[in-house]
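A.B. asks:
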Amino acid sequence: MNIATAAGVFEVRIVRFWHGDSVLEIKVHVRSSRQPAGARTLLTGGQVTDPSVLAGYLSRFIADLGPDVGAQDCPAT
296 MNIATAAGVF
306 EVRIVRFWHG
316 DSVLEIKVHV
326 RSSRQPAGAR
336 TLLTGGQVTD
346 PSVLAGYLSR
356 FIADLGPDVG
366 AQDCPAT
């Protein structure tokens, strides 16, 4: 899923591995930087299907970027 913000575009995806593990991967392509910022989090058990857990990880990552990050007037894709 891609989410556009004032800071740049976020790419959010869940990577599932054949042995059952899953990782939440978040990358943000910041307009002022050529290098994307990002985070990876191991998801265990029911976390991979729990929207509140996934939203919590995403909101904490966005909050850590600073106060100038806000959603623009466009839908998430």
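One point on numbering: in the numbering used here, the residue at position 38 of the sequence shown is 333, and numbering is uninterrupted.
For each residue, glycine too, the CB sits at the ideal point set by N, CA and C.
Which partner residues does Ala350 have in the DSSP bridge list?
C.D. replies: Working through the sequence shown from its first residue, we reach residue 350 at position 55. DSSP, once it has assigned bridges, lists no residue as partnering Ala350.
A.B. asks: Could you spell out where the beta strand (DSSP E) holding His324 opens and where it closes?
C.D. replies: As a position in the sequence shown, residue 324 is number 29, starting the count at 1. From DSSP, the beta strand (DSSP E) with His324 extends over 317 to 325.
A.B. asks: Alpha carbon to alpha carbon, how far is Leu337 from Leu360?
C.D. replies: Residue numbering aside, residue 337 sits at position 42 when the sequence shown is read from its first letter. Residue numbering aside, residue 360 sits at position 65 when the sequence shown is read from its first letter. Leu337 and Leu360: Cα-Cα distance of roughly 20 angstroms.
A.B. asks: Does DSSP put Phe356 in a helix, in a strand, or in coil?
C.D. replies: Translated into positions along the sequence shown, residue 356 becomes position 61. Helix.
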